[in-house]
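Heads up, the thing below is written out as structure tokens.
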Amino acid sequence: MMMTRSQILQLITCNLCLGQKSLAPASSPEPTLQFHEPPSDTSQPFILDGNEKKDYYKSNPSPFGRILEGTLPSFTYRETENTLTFRDRSPKAQLHALIIPKRYIPTIKHLKPQDIDLLYEMKQEAIEILREFPSYSEKYNGEDILRKNDYILCFHVPPFNSVDHLHLHALAPKSSMNPLFSFGKYRIGTRWCTSLDEVISNLEAMTDKFTDGRNDEQAELVNHEA
Ligand SMILES: [Zn+2]
């Protein structure tokens, strides 16, 4: 049966899927509304002081800004000063977490060399949730998942991202995912999906290129072409 263009797009684009049936087990904890403390880094355009903290996310137009400010519910797995890790609204694996920066960065195309530390922090958070997820699911062995590389860490490449706020997908176990997703929507090395490590190495290459006093403020990540 031929698929329409919109059906194909629906398969490969990253969706928040507000209406889609969730694969989360029935026993999953309910999402909650929670304000997440903004980062204290004052080198950002937002100078945080007292009550201004609650307005930190006002300039973020994405649904993830609403999650961070606590007006859209989510189920939080982990939180650091700079990142939030929460359950995807439409999980495509036993564990399907999104790791986002609290600072507003729309997509991987907007990353700059100075964001490398943030990406490493996101990676660390992804590894931690891959390891500790057993506390949310009895059928899942985090150490096995890591040892066997039975997971996916990926970003969707614009325009195949549906939410314009940078989000790293962590999916596991990859081996028990529906192939439609592990070999489709979340297949690394395609035009629509790229690995965390590749994004990091591209940024590191840019860092080398832009050292020696050159202005890296204008630098944008040039993503690979599949
Ligand atoms: Zn995505």
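Residues -19 to -1, 1 to 207 (mature numbering (1 follows the signal peptide of the UniProt record, and there is no 0)) make up the sequence shown, in order. Idealized CB from N, CA, C, for every residue including glycine. Predicted, not measured: the structure shown is a model, and the values here were computed from it.
Here the alpha carbon of I169 sits roughly 22 Å from the alpha carbon of K93. At a threshold of 7 Å, H148 counts as near ligand 1, since its beta carbon sits closer than that to one of the ligand's heavy atoms. In the structure shown, N183 adopts helical secondary structure according to DSSP, grouped into three states. C-alpha of Y132 to C-alpha of D69: approximately 15 Å in a straight line. Closest by C-alpha distance to S21, out of E11, L177, Y37 and P10, is Y37.
For L49, the enclosing alpha helix (DSSP H) covers residues P44 to E50.
Remark: the shortest separation between the CB of H137 and any heavy atom of ligand 1 falls under 7 Å.
If you ignore the 5 residues before and after T66, its C-beta comes within less than 6 Å of the C-beta of Y58, R59, A78, I80, E106 and I110, all in its own chain and listed in chain order. In this structure L134 is not in contact with L147, their Cβ atoms being roughly 13 Å apart against a cut-off of 8 Å.
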